[in-house]
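Listed in order, the protein sequences are those of chains A and B.
Residue 317, in the UniProt record's numbering, is where the first sequence stops; the numbers in between run on with no holes.
Residue 317, in the UniProt record's numbering, is where the second sequence stops; the numbers in between run on with no holes.
Idealized CB from N, CA, C, for every residue including glycine.
First the structure, in the form of structure tokens, and then the observations on it.
Number of protein chains: 2
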Amino acid sequence: MRGGHMSLARTGEFGLISRVTARLSAGPACLLGPGDDAAIVAASDGRVVASTDVLVEGRHFRRDWSAAVDVGHRAAAANLADIVAMGAIPTALLVGLCAPPGLDVRWAEDLADGLAAEAAKVGASVVGGDMSASPTLTIAVTALGDLHGAAPVLRSGARAGDVVALAGRIGYAAAGYTVLSRGFRTPKLLVEAYRRPEVPYAAGPLAARSGATAMIDVSDGLLADLGHIATASRVGIDLRRDAFEVPPQMRDAAHALGADPYLWVLAGGDDHALAATFPEDTPLPEGWRAVGHVIEGSGVTVNGRAHKGASGWDHFG
Amino acid sequence: MRGGHMSLARTGEFGLISRVTARLSAGPACLLGPGDDAAIVAASDGRVVASTDVLVEGRHFRRDWSAAVDVGHRAAAANLADIVAMGAIPTALLVGLCAPPGLDVRWAEDLADGLAAEAAKVGASVVGGDMSASPTLTIAVTALGDLHGAAPVLRSGARAGDVVALAGRIGYAAAGYTVLSRGFRTPKLLVEAYRRPEVPYAAGPLAARSGATAMIDVSDGLLADLGHIATASRVGIDLRRDAFEVPPQMRDAAHALGADPYLWVLAGGDDHALAATFPEDTPLPEGWRAVGHVIEGSGVTVNGRAHKGASGWDHFG
Numbered sequence: 001m002r003g004g005h006m007s008l009a010r011t012g013e014f015g016l017i018s019r020v021t022a023r024l025s026a027g028p029a030c031l032l033g034p035g036d037d038a039a040i041v042a043a044s045d046g047r048v049v050a051s052t053d054v055l056v057e058g059r060h061f062r063r064d065w066s067a068a069v070d071v072g073h074r075a076a077a078a079n080l081a082d083i084v085a086m087g088a089i090p091t092a093l094l095v096g097l098c099a100p101p102g103l104d105v106r107w108a109e110d111l112a113d114g115l116a117a118e119a120a121k122v123g124a125s126v127v128g129g130d131m132s133a134s135p136t137l138t139i140a141v142t143a144l145g146d147l148h149g150a151a152p153v154l155r156s157g158a159r160a161g162d163v164v165a166l167a168g169r170i171g172y173a174a175a176g177y178t179v180l181s182r183g184f185r186t187p188k189l190l191v192e193a194y195r196r197p198e199v200p201y202a203a204g205p206l207a208a209r210s211g212a213t214a215m216i217d218v219s220d221g222l223l224a225d226l227g228h229i230a231t232a233s234r235v236g237i238d239l240r241r242d243a244f245e246v247p248p249q250m251r252d253a254a255h256a257l258g259a260d261p262y263l264w265v266l267a268g269g270d271d272h273a274l275a276a277t278f279p280e281d282t283p284l285p286e287g288w289r290a291v292g293h294v295i296e297g298s299g300v301t302v303n304g305r306a307h308k309g310a311s312g313w314d315h316f317g
Numbered sequence: 001m002r003g004g005h006m007s008l009a010r011t012g013e014f015g016l017i018s019r020v021t022a023r024l025s026a027g028p029a030c031l032l033g034p035g036d037d038a039a040i041v042a043a044s045d046g047r048v049v050a051s052t053d054v055l056v057e058g059r060h061f062r063r064d065w066s067a068a069v070d071v072g073h074r075a076a077a078a079n080l081a082d083i084v085a086m087g088a089i090p091t092a093l094l095v096g097l098c099a100p101p102g103l104d105v106r107w108a109e110d111l112a113d114g115l116a117a118e119a120a121k122v123g124a125s126v127v128g129g130d131m132s133a134s135p136t137l138t139i140a141v142t143a144l145g146d147l148h149g150a151a152p153v154l155r156s157g158a159r160a161g162d163v164v165a166l167a168g169r170i171g172y173a174a175a176g177y178t179v180l181s182r183g184f185r186t187p188k189l190l191v192e193a194y195r196r197p198e199v200p201y202a203a204g205p206l207a208a209r210s211g212a213t214a215m216i217d218v219s220d221g222l223l224a225d226l227g228h229i230a231t232a233s234r235v236g237i238d239l240r241r242d243a244f245e246v247p248p249q250m251r252d253a254a255h256a257l258g259a260d261p262y263l264w265v266l267a268g269g270d271d272h273a274l275a276a277t278f279p280e281d282t283p284l285p286e287g288w289r290a291v292g293h294v295i296e297g298s299g300v301t302v303n304g305r306a307h308k309g310a311s312g313w314d315h316f317g
């Protein structure tokens with residue numbers, strides 16, 4: 001135990017801000033960090049890439065499932081993944097925290113530690129934020145990034161004949177979520193994958209430099225997110241089912257829980273894998289594996305057929 | 001009436017996103033708007049200014065006090081003011097919306113209209129965002145801006161002898177808040193000032209070009225925010241009480257409600273006026289008026305004395 005409970009209400013907004021900012025260190029792109037009206041971040045090629053995600057307690061995280069530091073890692077990862085999915089290098093995070101006044105200050109500090117540690121993996125840092133009391137614990141993260149002169153990789157550039165490729169794990173976080181929701185805490189591999197997604201950050205900019213024609217962060221589930229590429233590019237996508245190996249621990253967990261592991265793999269979000277399309281003669285860069293092809297038409301199929309029951313999440317559903 | 005009630009739960013996340021993005025138009029700095037993993041915004045001099053604010057229903061706005069379009073104006077204004085207080089020109093907003101599933105889609109659309117209209121006042125636009133269901137209606141706004149090669153105006157540059165100056169109205173929004181909290185809807189001047197602050201956007205970059213040594217957006221109240229400049233600059237600030245004229249409608253409202261109008265003026269936030277310091281021989285630029293001086297020492301005084309009972313807000317208090 002690290003001292004007694006100290007609530008946000010007792011510390012106050014400014015007290016909390018100074019406690020949290022004292023834990024942050026500036027990354028190389030941070031020209032002015034927390035403490036003024038706004039932060040200033042390098043945008044070396046005259047453009048900045050920016051994305052916002054909100055995480056709401058009970059919907060995107062649970063305090064009894066994840067420690068605050070894990071929630072910080074996850075919140076940062078979700079946003080940083082959006083930046084690398086454009087082919088950019090993340091530079092900075094801004095964080096809005098809405099929290100019940102009774103929340104332990106320690107929780108907010110640990111959250112900041114998780115956000116900062118995840119950002120540091122890619123050389124980025126937390127440069128600013130805001131805090132407010134709220135009945136609902138909510139974390140709003142904005143990530144910024146720098147393309148360093150490269151063209152962004154959009155969702156709309158896939159062409160029939162391209163190879164569809166994947167970087168990073170898929171299905172692990174969804175499996176971990178199911179495990180936790182059934183009241184279990186193991187297998188650790190799956191539960192930890194949910195708590196702290198391992199985003200293949202380097203694979204995004206690498207794909208951009210290797211000529212990827214389209215790219216997306218897999219957050220809604222692979223079929224749903226490839227569907228976004230298919231729609232934006234006006235093409236179809238066909239996946240090879242044998243490209244998706246179910247690891248033993250996931251197979252065992254699925255068996256024990258009576259779940260379909262391919263639903264985790266094909267429709268589960270939250271691993272923040274990256275999916276991209278490459279011209280068929282392009283050697284896939286490190287970390288990428290082929291999982292299918294872009295075809296004429298529309299929609300996403302597996303071995304030529306619609307995959308039943310496998311769609312992504314709708315956050316108001 | 002514009003058709004019946006359609007809840008967010010019925011429209012779904014993607015339905016709402018497409019309805020909302022259809023209402024947005026791209027400003028000149030928007031290189032890639034909503035619809036991909038991230039937006040891309042011009043940052044012409046290789047730096048981007050960024051600030052985040054969260055607004056929580058019941059704390060920062062009330063749906064029975066403000067129409068959705070007003071909440072949008074206010075949410076945008078609070079953030080855009082932070083950007084101009086650095087001396088930068090706002091370029092873009094990213095908006096995270098957390099809303100109860102039963103919320104009318106129309107409310108979210110009107111909110112987007114207000115955000116977009118306020119951003120358009122400074123040539124900025126809404127370039128991205130995220131949405132989630134939540135029990136607590138919450139709006140997280142990140143604003144980006146461009147210094148166009150100018151040095152940012154920080155809180156830390158005030159020097160003894162500088163003139164303290166103010167741009168924009170102060171006390172109006174706090175007065176409007178008090179009026180609304182007592183159940184009244186008039187005077188309109190004050191209530192509208194609370195609903196849609198009139199931020200002196202042009203005054204920020206103008207102050208920067210005119211040699212302002214420090215600047216801040218007045219969001220916590222003038223005394224509190226000048227206190228931030230005094231602390232960051234290691235100086236004192238003394239205001240002249242006769243520089244703060246209480247307009248007749250504010251005086252009448254204060255009289256009717258038994259309130260002290262100087263408390264609204266000196267300690268009320270939410271008008272998003274700008275306060276800055278200028279070298280004493282600098283002619284004040286258009287829109288700025290002198291209200292006091294920077295002195296050796298610390299803290300903020302009025303006619304040489306501490307103003308009793310007048311501090312800013314603490315958002316966890």
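Have a look at residue i and residue j and give me their C-alpha separation to the nearest angstrom.
i	j	result
ALA140/A	SER51/A	11 angstroms
VAL69/B	PRO197/B	13 angstroms
VAL302/B	ARG240/B	6 angstroms
ALA99/B	GLY304/B	47 angstroms
ARG234/A	SER156/A	8 angstroms
ARG19/B	GLU109/B	7 angstroms
VAL41/A	ALA92/A	7 angstroms
TYR177/B	PRO247/B	16 angstroms
GLU57/A	ALA256/B	43 angstroms
ALA76/B	MET86/A	26 angstroms
TRP313/A	ARG289/A	Model confidence at TRP313/A stands at a pLDDT of 45, short of 50, so the residue's coordinates are unreliable; what they give is reported in the following sentence. Cα to Cα, TRP313/A sits roughly 25 angstroms from ARG289/A.
ALA112/B	MET250/A	42 angstroms
TYR201/B	VAL164/A	47 angstroms
LEU31/A	ALA119/A	16 angstroms
LEU274/B	SER219/B	9 angstroms
ARG106/B	ALA174/B	28 angstroms
ASP53/B	GLY96/A	7 angstroms
Give a yes or no on whether 8 angstroms exceeds the smallest Cβ distance from residue i to chain A.
i	result
THR136/B	yes
SER125/B	no
LEU111/B	no
MET250/B	no
MET86/B	yes
ILE89/B	no
Should residue i be labelled buried (16 or more other beta-carbon atoms within 10 Å of its own) or exposed?
i	result
PRO283/B	exposed
ASN79/A	buried
ALA203/A	buried
HIS73/A	buried
PRO34/B	buried
HIS315/B	Residue placement at HIS315/B is poorly supported in this model, since its pLDDT is 44, which falls under 50; the coordinates are not used for a value here.
PRO285/B	buried
PRO28/B	exposed
THR277/A	buried
ASP64/A	exposed
ARG47/A	buried
ASP37/B	buried
HIS272/A	buried
Verify the CB distance criterion: does residue i have a CB-CB separation below 8 angstroms to chain B?
i	result
SER25/A	no
ALA42/A	yes
GLY46/A	yes
CYS98/A	yes
THR213/A	no
Is the CB-CB distance between residue i and residue j below 8 angstroms?
i	j	result
ALA212/A	ASP146/A	no
ASP238/B	ILE170/B	no
LEU206/B	GLY292/B	no
SER298/A	GLY236/A	yes
HIS307/B	LEU190/B	no
ILE83/A	ALA9/A	no
VAL199/B	ALA81/B	yes
Within the same chain, show all residues whose beta-carbon is closer than 6 angstroms to that of residue i, passing over the 5 residues directly before and after it, in chain order.
i	result
GLY161/B	GLU280
ALA116/B	LEU24, VAL126
GLY227/A	VAL300
If I measure Cβ to Cβ from residue i and keep anything under 7 angstroms in the same chain, skipping five residues before and after, which residues do I get?
i	result
SER44/A	ASP146, HIS148
PHE61/B	LEU55, VAL71, ARG74
What does a CB cutoff of less than 8 angstroms around residue i pick up in its chain, not counting 5 residues either side in sequence?
i	result
SER311/A	Here the model assigns SER311/A a pLDDT of 49, short of 50, so the residue's position is not dependable, and the following value carries that caveat. GLY221, LEU223, ALA224, ALA267.
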